[in-house]
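In the numbering used here, the protein residues as written are 308 to 870.
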Ligand SMILES: Nc1ncnc2c1ncn2[C@@H]1O[C@H](COP(=O)(O)OP(=O)(O)OP(=O)(O)O)[C@@H](O)[C@H]1O
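Here it is, written out as structure tokens:
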């Protein structure tokens with residue numbers, strides 16, 4: 308067992324005790340919560356067919372699929388068969404809901420937005436009348452302001468805590484504020500277990516964490532290119548890297564840039580992208596492809612910032628500010644999993660470099676080489692690669708840059724004018740002939756009315772670009788992993804399958820409406836945070852969604868903040 312598994316399975320008063328558990332990233336928390344929940348179900352009183360016994364909430368769709376696959380792996384030898392279903396957005400609602408209602412979903416893994424959607428139906432609520440265990444994975448994320456409302460709404464539609472169901476909260480980070488809200492799920496006398504010493508570095512000690520400080524915004528792309536090139540040259544054979552961007556549109560830009568520029572690093576360097584504006588099928592397929600690959604670069608937003616278990620990732624790079632120190636820790640935790648080695652580098656501009664300074668506990672040190680000379684040498688490769696990146700992608704990234712960094716203006720010690728100047732440097736670095744135009748409504752929503760340096764006008768909303776196969780990672784695979792029905796082959800690591808497929812083992816019902824109008828609060832946080840919005844999503848007996856199209860399409864008339 309890993310330390311957290313040993314601790315939970317030997318120090319929990321019983322397998323059905325309430326608990327708050329902290330353990331570092333990549334140390335086996337998933338099994339640490341699944342095993343006691345399953346064991347107490349198997350050894351408890353008989354459980355009615357068709358009822359959900361164990362409900363697990365996770366912040367993102369990909370993590371929900373991963374937990375379900377792990378559950379399938381654990382229960383593969385049980386008879387009768389255990390069904391583990393999933394409920395998350397981005398997949399057909401009606402057929403998946405029917406599979407759930409017709410099936411025997413003993414375990415359900417769901418994202419809160421979608422769980423609320425389906426709990427709006429009486430015939431769904433009836434399946435939770437005998438719930439035994441509720442688990443919050445990434446509990447601090449699930450109980451922060453972004454999700455707390457959805458979690459509380461879901462709980463209102465479940466049997467009250469007084470009916471005796473077990474609550475379990477797990478995460479690598481337990482900020483002090485969590486204790487104020489954890490009573491939403493746990494009894495007052497819950498057991499608190501941790502494998503992280505108070506004075507210990509919250510990240511995996513064996514992971515050296517570096518910072519590259521880039522002189523100015525205009526140097527970020529050449530610096531990132533030079534860093535990836537240098538790291539690839541040091542480890543060309545199994546170069547499996549995740550590069551985190553700050554927003555979905557920022558990640559789409561990095562993906563487009565490196566699809567064009569990667570050949571300057573290596574002719575067969577595969578590029579992948581994962582962010583919330585891709586459709587769910589592509590997200591699921593890319594997740595499986597990157598999980599299986601031995602080398603490649605995944606440009607990702609925080610849809611995979613927490614919990615995601617990609618074997619043998621040797622390097623995590625973060626470009627720009629993480630939303631907070633916890634998010635930084637979880638991103639670094641995508642490497643050095645299950646006892647493996649790993650490295651982490653964060654690339655910050657001078658203005659952003661405060662992050663490393665104020666988070667002394669993270670033990671971030673300067674990158675051992677000054678890469679600015681190599682960055683300067685990369686300028687030609689980067690600028691010619693940008694020539695093949697379309698203007699819409701650049702324009703969306705520009706607006707996302709403004710929207711995201713606006714939330715850090717105080718920390719960046721700048722004002723609206725200074726932020727617009729930074730964004731215009733960013734546009735110049737993208738080889739934009741002039742700063743992209745911003746729709747006047749968005750300028751107003753961002754609070755930039757009258758700020759000098761912006762090109763304000765009415766931007767024609769181009770149709771959302773079809774996300775066809777890209778270079779390498781996004782190419783349409785053969786009849787391979789991503790397309791397999793959700794039946795766990797039982798060979799090798801459990802495989803996440805897309806929602807809504809198959810019955811029986813691993814039959815993930817993947818319910819929930821397609822992305823409704825995504826409520827953009829301050830910037831694109833990329834988690835599956837659609838608020839359940841009855842006006843824009845199908846309701847009632849398997850009804851199909853009414854209302855807007857998928858993410859990023861801006862359809863349905865409602866102005867969608869473009870970042
Ligand atoms: N007892 C074990 N021995 C070896 N490997 C294990 C063991 N338990 C889990 N693992 C493997 O360790 C990896 C990380 O497990 P898991 O994803 O549950 O970590 P985690 O603690 O939940 O990470 P995070 O904090 O990022 O969510 C997985 O590949 C899992 O299969």
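The beta-carbon is built from N, C-alpha and C at its ideal position, and this holds for glycine as well. Nothing here was measured: the structure is a model prediction, and the numbers come from that model.
**Asked** Expressed to the nearest angstrom, what Euclidean distance is found between the alpha-carbon atoms of residue 685 and residue 484?
**Response** 44 angstroms
**Message:** Using CA atoms only, rank isn't needed, just tell me which of 593, 549, 589 and 694 is closest to residue 637.
**Reply:** Residue 549 is the option with its Cα nearest to residue 637.
**Message:** Let me confirm a value: residue 672 is counted as buried when at least 16 other C-beta atoms fall within 10 Å, else exposed. Which label applies?
**Reply:** exposed
**Request:** Return yes when the Cβ of residue 557 is within less than 7 angstroms of the Cβ of residue 707, no when it is not.
**Result:** Here residue 707 is near residue 557, since their CB atoms are less than 7 angstroms apart.
**Request:** Apply the 10 Å Cβ neighbour rule to residue 386 and answer buried if 16 or more other Cβ atoms are within range, or exposed otherwise.
**Result:** Exposed is the call here.
**Asked** Within the present structure, is the beta-carbon of residue 616 separated from the nearest heavy atom of ligand 1 by less than 6 angstroms?
**Response** yes
**Request:** Just mark residue 321 as buried or exposed, buried being the case when its beta carbon has 16 or more other beta carbons within 10 Å.
**Result:** exposed
**residue 781 classed as buried or exposed, judged by whether at least 16 other C-beta atoms fall within 10 angstroms** = Since pLDDT at residue 781 reaches only 42, below the 50 mark, its modelled position is unreliable, and no value is offered.
**Request:** Taking only the alpha-carbon atoms, compute the straight-line gap between residue 744 and residue 713 and give it to the nearest angstrom.
**Result:** Straight-line Cα distance between these residues: approximately 18 angstroms.
**Item:** Straight-line Cα distance separating residue 710 from residue 831
**Value:** A caution first: residue 831 carries a pLDDT of 37, below 50, which makes its placement in the model unreliable, though a value can still be read off. The straight-line gap from Cα to Cα measures roughly 8 angstroms.
**Item:** Closer than 6 angstroms: residue 643 CB and nearest ligand 1 heavy atom
**Value:** no
**Asked** How is the beta strand (DSSP E) around residue 517 delimited, first residue to last?
**Response** 516 to 521
**alpha helix (DSSP H) segments (min. 4 residues) lying fully within the stretch 428 to 465** = 429 to 432, 446 to 449 and 452 to 463
**Message:** List, from N- to C-terminal side, the alpha helix (DSSP H) runs of 4 residues or more that fit wholly inside the stretch 663 to 720.
**Reply:** 679 to 684, 686 to 694 and 698 to 713
**Message:** As a quick exercise: from 692, 652, 720 and 716, pick the residue whose alpha carbon is nearest that of residue 570.
**Reply:** 692
**Of the listed residues 625, 603 and 688, nearest to residue 653 (C-alpha basis)** = 625
**Message:** Just to confirm, is the Cβ distance from residue 689 to residue 532 under 7 angstroms?
**Reply:** yes
**Request:** State yes or no: is the C-beta of residue 338 nearer than 6 angstroms to some heavy atom of ligand 1?
**Result:** Checking the Cβ of residue 338 against ligand 1 gives yes.
**Request:** Please look up how many angstroms separate the CB atoms of residue 394 and residue 425, rounded, as I've assumed it's under 8 angstroms.
**Result:** 6 angstroms
**Request:** Taking all protein chains shown into account, decide if residue 807 is buried (16 or more other Cβ within 10 angstroms of its Cβ) or exposed.
**Result:** Reliability fails at residue 807, whose pLDDT of 37 lies under 50, so the model's placement of it is uncertain and no value is given.
**Message:** Less than 8 angstroms between C-beta atoms, sequence neighbours within five positions excluded: which residues of the same chain meet that for residue 522?
**Reply:** So the qualifying residues of the chain are 656, 657 and 679.
**Prompt:** Are the stretch 426 to 441 and the stretch 376 to 392 in contact at 8 angstroms, needing three or more beta carbon pairs?
**Reply:** With a cut-off of 8 angstroms, the stretch 376 to 392 and the stretch 426 to 441 do not count as touching, because too few Cβ pairs lie within range.
**Asked** So residue 458 and residue 476 are in contact, right, with Cβ under 8 angstroms, and what is the actual spacing, rounded?
**Response** Residue 458 to residue 476, Cβ: 11 angstroms. No contact.
**Item:** Cα-Cα separation between residue 336 and residue 502, rounded to whole angstroms
**Value:** 11 angstroms
**Asked** So what's residue 603 in DSSP terms, helix, strand or just coil?
**Response** Strand, per DSSP.
**Message:** When you compare the stretch 339 to 355 with the stretch 578 to 594, are there three or more beta-carbon pairs, one atom per stretch, that lie closer than 8 angstroms?
**Reply:** no
**Prompt:** Mind checking whether the beta-carbon of residue 612 lies closer than 6 angstroms to any heavy atom of ligand 1?
**Reply:** With a threshold of 6 angstroms, the Cβ atom of residue 612 does not count as near ligand 1, since no heavy atom of the ligand is closer than that.
**Message:** Need the endpoints of the beta strand (DSSP E) that residue 547 sits in, please.
**Reply:** Its beta strand (DSSP E) spans residues 547 to 551.
**Spatial distance of residue 847 from residue 604 (CA atoms)** = Bear in mind that a pLDDT of 38 at residue 847, under 50, signals an unreliable position, so the number given afterwards is only what the model happens to contain. Cα-Cα distance, rounded: 42 angstroms.
**Prompt:** Heavy atom of ligand 1 less than 6 angstroms from the Cβ of residue 333, yes or no?
**Reply:** yes
**Item:** C-alpha distance - residue 601 paired with residue 619, whole-angstrom precision
**Value:** Each residue's Cα considered, the two are about 8 angstroms apart.
**Asked** To the nearest angstrom, how far is it from the Cα of residue 677 to the Cα of residue 420?
**Response** So the alpha carbons of these two residues sit roughly 44 angstroms apart.
**Option in 328, 418, 631 and 650 with minimal Cα separation from residue 621** = 650
**Message:** Can you look up residue 583 in the DSSP assignment and give me helix, strand or coil?
**Reply:** coil
**Prompt:** Which class does residue 328 belong to by DSSP, given the choice of helix, strand or coil?
**Reply:** strand
**Prompt:** With contact counted as at least three CB pairs below 8 angstroms, one residue from each stretch, are the stretch 325 to 333 and the stretch 358 to 370 in contact?
**Reply:** Segments in contact, no.
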